[in-house]
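S.K.: When we follow numbering that gives the first Met the number 0, the leftmost residue of the sequence shown carries the number 0, and every step to the right adds one.
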Amino acid sequence: MTKLSVAVVGVGHLGQHHARIAASAPQAVLTVVVDPDPVRGPEIAAKFGAPWVATLEEALPRVDAVQIAAPTGFHHALGLQALKAGKHVLMEKPLAATLEEGVALLAALAVARATNPGLVAQVGHLERFNPAVTALRERGFKPRFLEAVRVSPFPARSLEVDVVMDVMIHDLDLLRALVGRPVIDVEAVGVPVLTPYADLVNARLKFEGGAFATVTASRVARKKERTLRAFGDREYASLDFAAQKLELLRLVMGPDGPQVHPETASIEEGEPLRLEIEAFHAACLGLGTDGVTWDEGQEAMGVADQVQKAVARSLAEMSRV
Ligand SMILES: NC(=O)c1ccc[n+]([C@@H]2O[C@H](COP(=O)([O-])OP(=O)(O)OC[C@H]3O[C@@H](n4cnc5c(N)ncnc54)[C@H](O)[C@@H]3O)[C@@H](O)[C@H]2O)c1
Numbered sequence: 000m001t002k003l004s005v006a007v008v009g010v011g012h013l014g015q016h017h018a019r020i021a022a023s024a025p026q027a028v029l030t031v032v033v034d035p036d037p038v039r040g041p042e043i044a045a046k047f048g049a050p051w052v053a054t055l056e057e058a059l060p061r062v063d064a065v066q067i068a069a070p071t072g073f074h075h076a077l078g079l080q081a082l083k084a085g086k087h088v089l090m091e092k093p094l095a096a097t098l099e100e101g102v103a104l105l106a107a108l109a110v111a112r113a114t115n116p117g118l119v120a121q122v123g124h125l126e127r128f129n130p131a132v133t134a135l136r137e138r139g140f141k142p143r144f145l146e147a148v149r150v151s152p153f154p155a156r157s158l159e160v161d162v163v164m165d166v167m168i169h170d171l172d173l174l175r176a177l178v179g180r181p182v183i184d185v186e187a188v189g190v191p192v193l194t195p196y197a198d199l200v201n202a203r204l205k206f207e208g209g210a211f212a213t214v215t216a217s218r219v220a221r222k223k224e225r226t227l228r229a230f231g232d233r234e235y236a237s238l239d240f241a242a243q244k245l246e247l248l249r250l251v252m253g254p255d256g257p258q259v260h261p262e263t264a265s266i267e268e269g270e271p272l273r274l275e276i277e278a279f280h281a282a283c284l285g286l287g288t289d290g291v292t293w294d295e296g297q298e299a300m301g302v303a304d305q306v307q308k309a310v311a312r313s314l315a316e317m318s319r320v
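#1: Beta carbon of G123, beta carbon of L272: below 9 Å?
#2: Between A303, M90 and A53, which has its C-alpha nearest R203's C-alpha?
#3: Is it the case that the Cβ atoms of A212 and A147 are separated by a distance below 9 Å?
#4: Using 8 Å as the cut-off, classify the Cβ of D172 as near or not near the heavy atoms of ligand 1, replying yes or no.
#5: If you draw a straight line from the alpha carbon of V38 to that of G11, how long is it in whole angstroms?
#6: Residue range of the beta strand (DSSP E) that S313 falls in?
#7: Quick one: is the Cβ of P35 within less than 8 Å of any heavy atom of ligand 1?
#8: Where does E267 sit, in a helix, a strand or coil, going by DSSP?
#9: Under a three-way DSSP split, which group does V110 fall into?
#10: For a quick check, are the C-beta atoms of H75 and A96 less than 9 Å apart?
#11: Relative to ligand 1, is the shortest distance from any of its heavy atoms to the C-beta of A147 smaller than 8 Å?
#12: Should V326 be labelled buried (16 or more other beta-carbon atoms within 10 Å of its own) or exposed?
#13: Between R156 and ligand 1, is the CB less than 8 Å from at least one heavy atom?
#14: Return the CA-CA distance between L94 and V162, expressed in angstroms with no decimal places.
#15: Any contact between the segment 174-192 and the segment 237-256? By contact I mean 3 or more CB pairs, one from each, below 8 Å.
#16: Per DSSP, N201 forms a beta bridge with which residues?
#17: Does the Cβ of S217 have 16 or more other Cβ atoms within 10 Å, making it buried, or fewer, making it exposed?
#18: With a threshold of 8 Å (Cβ to nearest heavy atom), would D304 be considered close to ligand 1?
#19: Indicate the three-state DSSP secondary structure (helix, strand or coil) for M321 in the structure shown.
#20: When you measure from the CB of A45 to every non-hydrogen atom of ligand 1, does any distance come out below 8 Å?
#21: For the alpha helix (DSSP H) that contains E57, what are its first and last residues?
#22: Is the CB-CB distance between Q26 and H280 below 9 Å?
#23: Along the chain, which unbroken stretches of the alpha helix (DSSP H) at least 4 residues long are found entirely within the segment 111-155?
#24: In chain order, what residues of the same chain lie with their CB nearer than 7 Å to the CB of R221, ignoring the 5 residues before and after it?
#25: Since E42 is in the alpha helix (DSSP H), which residue starts that stretch and which ends it?
#26: Count the other CB atoms within 10 Å of the CB of D294; is the residue buried (16 or more) or exposed (fewer)?
#27: Pull the bridge partners of M252 from the DSSP assignment, please.
#28: Helix, strand or coil for A278, going by three-state DSSP, please let me know.
#29: Taking 9 Å as the threshold (C-beta atoms), are G85 and A58 in contact?
#30: May I ask whether a heavy atom of ligand 2 can be found less than 8 Å away from the beta carbon of H75?
#31: Quick check: what's the CA-CA separation for S157 versus L98?
#32: Answer yes or no: the CB of A68 versus the heavy atoms of ligand 1, is any distance below 8 Å?
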């Protein structure tokens, strides 16, 4: 089998894991590592047995596909460059730093696909590949109300963006995928606590078709929690992303009347990032179709933008009283 030749672009906190996974992936070869940092780049390249280059331009002639894990502010420029060279792209989330940049990336993708219809462009919304999420989706669960919580202690990274673009966007994409309908209304409140940007946000989303969700994201929590509760018709689900655990509770008729029947789903654990990257490789080789599209990535950005605007409105109100 011909393996996919891959460059990992940006090998910081997350990109090092892209490099590790690409280097041991069954259907790909880590051909080159790209990072402008002359210490970090060669260090990670050597660790995973690939050569290092400082710029994407130097890497493009050698590869079929790029996995971009550079800071979000560079996604737009790097994505355009890769598409222009006709390469498949896995872009870390969020797709871009602004909605306008996302639109430009989608336009460039349409142009590139006019000559190369098989070009793959995916976004790294890795919770879609969490085995507990897959188990929930396989059960055909139809949620009417969802409650997502993603909170953690203060990090030393990604402080140039608010908690919506950095953290909540995972759930904004996932909730949309689980409900299967677009978001039609957004309310949100949030506050800056330790940075100039909102560090703690609570949003309420209304979906076409009537489903609702509340989403909380915080980077000023004492402990890490990443959970989802979903309520449907006579059933509800409780999901722990980190533990990859899914509990389902269903109303069943017992001998003494209706009873709630708990079931812990049996889940084969897997690293979501590995599953996402290997699905990308398979798609590039024409062997699969799984992955979050750039259109979906842009949709999540659109909802994130509405949440940010609602937070700004609530802060403006707060400062008036
Ligand atoms: N999917 C997830 O769960 C998840 C988790 C963390 C970060 N991310 C995303 O990954 C991206 C990187 O985040 P991070 O925390 O790893 O950042 P980071 O700052 O730790 O690492 C970024 C790396 O990119 C390099 N870089 C800078 N400019 C570059 C360029 N022009 N070309 C190539 N490399 C460049 C830097 O030198 C650095 O090594 C962000 O978009 C972030 O949102 C996603």
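Glycine included, every Cβ here is placed at the ideal spot set by N, Cα and C.
Just so we're clear, the structure is a prediction, and the values are computed from it rather than from any experiment.
M.R.: On the basis of the data shown:
#1: Their beta carbons are under 9 Å apart, which means G123 touches L272 by this criterion.
#2: It is A303 whose Cα lies nearest to the Cα of R203.
#3: In contact: A212 and A147 (Cβ atoms closer than 9 Å).
#4: Answer for D172: no, Cβ out of range of ligand 1.
#5: Between the C-alpha atoms of V38 and G11 there is a straight-line separation of about 11 Å.
#6: Run containing S313: none in the beta strand (DSSP E); it sits in the alpha helix (DSSP H), W293 to R319.
#7: Yes.
#8: Three-state result, E267: coil.
#9: For V110, the three-state secondary structure derived from DSSP is helix.
#10: Note that the C-beta distance between H75 and A96 is below 9 Å.
#11: Every heavy atom of ligand 1 is 8 Å or more from the Cβ of A147, so no.
#12: The first residue shown for the chain is 0 and the last is 320, placing residue 326 beyond what the model contains.
#13: Yes, since a heavy atom of ligand 1 falls inside the 8 Å radius drawn around the Cβ of R156.
#14: In this structure, the CA atom of L94 is about 16 Å from the CA atom of V162.
#15: Using a C-beta cut-off of 8 Å, the segment 174-192 makes no contact with the segment 237-256, since fewer than three inter-stretch Cβ pairs fall below that distance.
#16: Note: N201 sits in a beta bridge opposite V188 and T215.
#17: That one is buried.
#18: No, the beta carbon of D304 sits no closer than 8 Å to any heavy atom of ligand 1.
#19: This structure gives no information on residue 321, because the portion of the chain shown stretches from 0 to 320.
#20: Checking the Cβ of A45 against ligand 1 gives no.
#21: E57: member of the alpha helix (DSSP H) spanning L55 to A58, first to last residue.
#22: Between Q26 and H280, the C-beta gap is smaller than 9 Å, which places the two residues in contact.
#23: If we require 4 residues or more, the alpha helix (DSSP H) runs fully inside the segment 111-155 come out as 130-137.
#24: Only residues of its own chain outside the window of five on either side were considered, and among them P152 have a CB closer than 7 Å to the CB of R221, listed in chain order.
#25: E42 -> alpha helix (DSSP H) spans R39 to K46.
#26: The residue is exposed, with fewer than 16 neighbouring Cβ atoms inside 10 Å.
#27: Residue pairing from DSSP places M252 in a beta bridge opposite P257.
#28: The three-state secondary structure of A278, taken from DSSP, is helix.
#29: Taking 9 Å as the Cβ cut-off, A58 and G85 do not qualify as a contacting pair.
#30: Ligand 2 is not part of the structure shown, which contains ligand 1 as its ligands.
#31: If I take the Cα positions, the gap works out to 18 Å.
#32: Correct: A68 has its Cβ closer than 8 Å to ligand 1.
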